[in-house]
């Protein structure tokens, strides 16, 4: 099997696209900007969903489901939301088709025009807060801790598989609280859940922080984000959690009687991650041979490939392979024994590398003699021979090691590509020539942020939560600043 | 807590609607015909999803995801599909909103009109077969065994929560095969999966059979269905599996090279169940006190309620309750200890009855003295006192008994309400005055079926798969018939 990917040093964007297609993760569909998520890609998404869903439930949330469509007028209710939110939406105007009078195909029935257009949800704050209005009367009805797994649509002009698509899959949490403090606590809880998920499951080190006012979610008082660094030095926003204050409660007239018997507006949060996480996962770890998947999210953790010339050899190998498969499965490891005779071992090796299977075992006639197995790690591409005895414990330990190693490698990369800049010249030089996260002082104004963006395409990714106080001067205006913020070019 | 439901004998439709609302399962949304599935209702749907998903995977299927939107022209490709399929669809015509010139709200941007309208999927055969075209060249690429969990939209004029809504959630399997035989085998496999799920998990006895030609899915060669009987004597189609022949492959030009090296069109199936199953589950078993849930699908299987007057009593009761909770959880039972002091025990009892929790335990001061617990079964409403010792095993066994009992009750109801009719007079009398399934001879023509429907509102639910050969005469025309078919009024 020849190399099927463009080298990532050669053309990173092409490498990414090749990888998504060739590893059977997703492809473009017949509908502009919408993707087909293929079974292998969807299996990874299912793992992500399952782990996150467990984390949401462990923090007290329940799932529910709200309508796909939102009446157009709902968007006008919260002033910042309608102003700030992109108006590129799919608009449903009619509800019936009819046969074309010329007998060729079907046309829209103009008699079936909706009185009010419906928008395919780009996010669900409006329809959900319109619903919460009927659920909340008293502090006893609070908090409401709900999450929704759903598809959303934002009419993007330039799309890239997983990273930016017109339709995408996501979860959106929408919570309602009696106090400001409780809502802020929830906002932070969820950005920490996302951070923990990124680190422990995706093997992805992230920076946690707040967004600058101009990058805030439309309608939020404060937006928190986790930001990851991709191998091309660009940042990727991997999850957000918003403190919405009383904005949506005011817009949708959601009031409650508090413990003191007084009427007050309800406090809100919302938080979400999407199939964009797939893009982050792919870009953060993979190489020119294909995907590198952290074992905890790999749909298939171990593959066993037989190497043989004659049928009697295969029979012995298969018996051994099934025995190993069983002992690995007993440890909770997902294993496939690939004895297809339609492909050569070399082709299989390359294909499983492309698909990022963390551990590959090969068994040949000599292994049968010696009761051994050849093991290859996807992350380091190292090969070695091991005794079959104790293989279950060995592979269990190795999968943990691989998970750890992938994380450490990504962490090292992030550290190596995080810079401090104290002058604007230095800043521009790093952004233009090296990429990565750049820590710099900023005067806190939208004007400066805008100038930097226009000059360099870099934006403020976040104001770090764990950033230490440090007096300095804005790299552009020289005005005083009390903390460095993280700049980067971003996806 | 006063009775909150309309009696089902009084007004069955109102009883159902009350139950869905009062048990917190779902409610109507601000968008015509679209429902909000509330956390408790969604928790049941999640259980249904999880079990079915496991059954699909065990039969070799993988999940994937295809676009929400389908280009309008795709619907015209398969002639029967466009003719037979309802044209009541949500049509997306524009992709942008803009601020209204009068400054009030937002309007549709007429400059952002789509060249070709997009239809929100009412079902995905067309977009999926357009995709499969690129995936299939040779018999080696077959079979393709894919399922999708998704939302779909059909613009219904009269909607009822879960039973018929404009947007609903479902799964749709779409498989591609090299031979006719294999596709038929798959179609049958999946209707059997649905039948097994209905029986073992939903405690719902169903009739399996084929649809008459006029009730077939648009584009299918043969449609199989499972049909359940509700307590008002009406039938409910709970799942369908379609053998699509080569119709969609021909419409979308999907050909493959078979083992003999010849080009042929691919054979197809599709199969699905939806949130309509929730309606079936609710209507089949519930009573005037509320939901009756089969333990295997109950989000909460056991609730423990303390009964006390003074605080020291509560402390002792709580210690005992936590001990019982732990021993039940160790058996894999989901348990809640409800020690809220905001509601009286009587209110809680009624509320958990309304929500269909299978087993309720109450612990009072006397139970502490005797080391006992009062147990109430939701299905029979029987109460009795049991020793705490061995409670884990006792409740495990009881949950199985309840599951079994709910099924037996539904089966008995179905048997009692399945009739044979040998004359049209008898037939009309049963349909009009008793309801239920009516087994009758039919001459096999659409005209007779239509006449019966016009006269009685009854339709052929299915031609039973396990129906025995029996020579007879059509109840309307007297023409010969070789098997009885099942008629009923239906949801």
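Protein chains in written order, with our numbering: chain A, 139 to 629; chain B, 139 to 629. Think of the CB as a built atom: it goes at the ideal place given N, C-alpha and C, for glycine as much as any other residue. All figures in this text were calculated on a predicted structure; none of them were measured in a lab.
{"Query": "Inter-stretch contact (C-beta, 8 Å, three-pair minimum) for the segment 308 to 322 of chain B and the segment 390 to 410 of chain B", "Result": "yes"}
{"Query": "Pairwise C-alpha distance: residue 184 of chain A and residue 513 of chain A", "Result": "28 Å"}
{"Query": "Alpha carbon of residue 503 of chain B to alpha carbon of residue 459 of chain B, nearest angstrom", "Result": "12 Å"}
{"Query": "Under 8 Å between C-beta atoms of residue 598 of chain A and residue 353 of chain A", "Result": "yes"}
{"Query": "Where residue 232 of chain A meets chain B, residues with beta-carbon distance less than 7 Å", "Result": "229, 231"}
{"Query": "As assigned by DSSP and simplified to three states, the class of residue 169 of chain A", "Result": "coil"}
{"Query": "Run of the beta strand (DSSP E) containing residue 526 of chain B, from where it starts to where it stops", "Result": "Segment: none, residue 526 of chain B is in no beta strand (DSSP E) and carries neither H nor E."}
{"Query": "Backbone secondary structure at residue 555 of chain B - three-state DSSP", "Result": "coil"}
{"Query": "Same chain, Cβ closer than 8 Å to residue 584 of chain A, five either side skipped, listed in chain order", "Result": "350, 351, 352"}
{"Query": "Identity of the residues DSSP links to residue 610 of chain B by a beta bridge", "Result": "B/619"}
{"Query": "Beta strand (DSSP E) segment containing residue 381 of chain B, residue limits", "Result": "373 to 383"}
{"Query": "Burial state of residue 295 of chain A, where buried means 16 or more other Cβ atoms lie within 10 Å", "Result": "exposed"}
{"Query": "Residue range of the alpha helix (DSSP H) that includes residue 421 of chain B", "Result": "414 to 423"}
{"Query": "Neighbour flag for residue 387 of chain A against chain B, beta carbons, 8 Å", "Result": "no"}
{"Query": "Minimum Cβ-Cβ distance from residue 188 of chain B to chain A less than 8 Å", "Result": "no"}
{"Query": "Per DSSP, the bridge partner or partners of residue 363 of chain B", "Result": "B/347, B/378"}
{"Query": "Contacting positions in the segment 197 to 212 of chain B - beta carbon closer than 8 Å to chain A", "Result": "200, 201, 202, 203, 204, 205, 206, 207, 208, 209, 210, 211, 212"}
{"Query": "Three-way DSSP call (helix, strand, coil) for residue 585 of chain B in this model", "Result": "helix"}
{"Query": "Stretch pair the segment 249 to 269 of chain B + the segment 212 to 220 of chain B: three plus CB contacts closer than 8 Å", "Result": "yes"}
{"Query": "For residue 530 of chain A and residue 469 of chain A, believed in contact at Cβ under 8 Å, the rounded distance", "Result": "5 Å"}
{"Query": "Range of the contiguous alpha helix (DSSP H) that encloses residue 268 of chain A", "Result": "263 to 270"}
{"Query": "Residues that residue 420 of chain A contacts on chain B, provided the C-beta gap is smaller than 7 Å", "Result": "The premise fails here: residue 420 of chain A is roughly 16 Å from chain B at the closest Cβ pair, so nothing lies under 7 Å."}
{"Query": "Contacts of residue 289 of chain A in chain B (Cβ-Cβ under 8 Å)", "Result": "206, 288, 289"}
{"Query": "Nearest candidate by alpha-carbon position, reference residue 281 of chain B, set B/322, B/466, B/618", "Result": "B/322"}
{"Query": "Residue 180 of chain B: contacting residues in chain A (beta-carbon distance under 8 Å)", "Result": "200, 201, 202, 203"}
{"Query": "Neighbourhood of residue 302 of chain A by C-beta distance below 8 Å, restricted to the same chain and skipping five residues each side", "Result": "294, 296, 414, 629"}
{"Query": "Residues bridged to residue 180 of chain A (per DSSP)", "Result": "None; residue 180 of chain A has no bridge partner."}
{"Query": "The segment 235 to 253 of chain B / the segment 195 to 203 of chain B touching (three or more Cβ pairs under 8 Å)", "Result": "no"}
{"Query": "CA-to-CA distance, residue 326 of chain B to residue 418 of chain A, given in whole angstroms", "Result": "41 Å"}
{"Query": "Within 8 Å of chain B by C-beta, residues of the segment 290 to 319 of chain A in sequence order", "Result": "291, 293, 305, 307"}
{"Query": "Three or more C-beta pairs below 8 Å linking the segment 227 to 241 of chain A and the segment 161 to 168 of chain A", "Result": "no"}
{"Query": "Separation of residue 342 of chain B from residue 146 of chain B, as counted between CA atoms", "Result": "19 Å"}
{"Query": "Touching by the beta-carbon criterion (3+ pairs, under 8 Å), the segment 374 to 385 of chain A and the segment 326 to 338 of chain A", "Result": "yes"}
{"Query": "Candidates A/516, A/222, A/577, A/233, of which the one nearest residue 237 of chain B by Cα", "Result": "A/222"}
{"Query": "is_contact[residue 243 of chain A, chain B] using C-beta, thresh 8 Å", "Result": "yes"}
{"Query": "Residue 444 of chain A versus residue 501 of chain A: straight-line alpha-carbon distance, rounded", "Result": "5 Å"}
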